[in-house]
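In this note's numbering, the protein residues as written are -6 to 239.
Report on one structure; see the data block that follows.
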Amino acid sequence: MALLSVNVNKIATLRNARGKNTPNVLEESLKLIRYGAQGITVHPRPDGRHIRWPDVIELRQNIDVELNIEGYPSVHFLEKIAQIQPAQCTLVPDPPDVLTSNAGWKVFGNEEFLREKITLIKEAGVRVSLFIDPYSIEMKELLILRDIGLDRVELYTESYAESYGSEMQEAVTKHFAQCAQLCDSMGLEVNAGHDLSSQNLTYFAQQIPELKEVSIGHALVCDALEWGWKLTLETYLNCLNKTHRS
């Protein structure tokens, strides 16, 4: 069964709206873990609009599940990764002002850049994942990523989420499944994230048996507004537990 890592950025966004410390990111993260979250994901951005580095450090010191830090590999970001040493670092190609991660890495032309960053992170003892779009990446690029030491890819799943429930669902999911199989055959483990929800997660997990981990934030927090943390975590874990193919 794939592990569920909960992205807690939205908790920090709500806190920051009032400029104080309610809701408390650590306290809410500990609740999520108590109710079954197997990881916590954060994406600190340069403008500090949601999760901030002091939050990340506090989480690292107080949680007993995997911490996954997402971000663009700037000098400052890499310094923080070396200092904090999370279980996993997921590299995304986001410019500083982007609203949310909305594209995968272009490997061609960035080979040496990525090699350098991946090497530095792995020297800190941190597993490295890279955000990729199955619709824009080529097999040669995946081979390059493998050869420069990447551990995992994270499949950017917006196109899957948009196709879910439409006549394109099967074809799009098949494309993701083929990409996951190819990565797995190369020795690259497979994560996934972006717009996965309680509606579309079960089918995705059933069709991608290679899946190691999903990172979900926005939809899960929205569901929790209606159901509360406990029932929401139970629902998402049940989605992942239905791993037999339909």
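All C-beta atoms in this analysis are idealised placements derived from N, C-alpha and C, irrespective of residue type, glycine included.
Cβ neighbours of residue i in the same chain (closer than 7 Å, five flanking residues each side left out)
i           : result
residue 143 : 111, 121, 123, 181
residue 19  : 51, 52, 55
residue 85  : 63, 64, 65, 94, 124
Residue i to residue j span [Cα, whole Å]
i           : j           : result
residue 63  : residue 49  : 11 Å
residue 104 : residue 139 : 11 Å
residue 108 : residue 219 : 44 Å
residue 183 : residue 97  : 14 Å
residue 100 : residue 128 : 13 Å
residue 135 : residue 125 : 9 Å
residue 161 : residue 227 : 29 Å
residue 174 : residue 10  : 42 Å
residue 189 : residue 113 : 30 Å
residue 169 : residue 201 : 8 Å
residue 155 : residue 15  : 33 Å
residue 43  : residue 21  : 14 Å
residue 163 : residue 47  : 43 Å
residue 78  : residue 2   : 19 Å
residue 217 : residue 187 : 17 Å
residue 12  : residue 132 : 46 Å
Extent of the continuous beta strand (DSSP E) to which residue i belongs
i           : result
residue 173 : Taken as a continuous stretch (DSSP letters only), residue 173 belongs to no beta strand (DSSP E), being part of the alpha helix (DSSP H) at 162 to 179.
residue 185 : 182 to 186
residue 208 : 204 to 209
residue 35  : 32 to 35
residue 62  : 59 to 64
residue -1  : -4 to 0
Short Cβ contact (8 Å threshold) for residue i with residue j
i           : j           : result
residue 176 : residue 146 : yes
residue 23  : residue 222 : no
residue 191 : residue 212 : yes
residue 117 : residue 150 : no
residue 172 : residue 148 : yes
residue -6  : residue 234 : yes
residue 229 : residue -4  : no
residue 197 : residue 153 : yes
residue 45  : residue 37  : yes
Same chain only: Cβ atoms within 6 Å of residue i, ignoring 5 sequence neighbours per side
i           : result
residue 239 : For residue 239, the predicted structure reports a pLDDT of 44, less than 50, and the residue's modelled location is therefore unreliable. The matter cannot be settled from this model.
residue 70  : 64
residue 0   : 34, 208, 210
residue 224 : none
residue 82  : 62, 74, 114, 119, 121
residue 157 : 193
Cβ of residue i within 8 Å of any chain C Cβ
i          : result
residue -1 : Here chain C cannot be found, since the structure has a single protein chain.
Own chain, CB closer than 8 Å to residue i, minus 5 neighbours either side, in chain order
i           : result
residue 254 : Only positions -6 to 239 of the chain appear in the structure, and residue 254 is not among them; the question remains open.
residue 8   : 14, 15, 16, 17, 18
Span of the alpha helix (DSSP H), counted from its first residue to its last, around residue i
i           : result
residue 199 : 194 to 200
residue 50  : 46 to 55
residue 27  : 18 to 27
**Study point:** Start-end ranges of the beta strand (DSSP E) lying completely within the segment 67 to 154, minimum 3 residues
**Key:** Within the segment 67 to 154, the complete beta strand (DSSP E) runs of at least 3 residues are 81 to 84, 120 to 125, 145 to 149.
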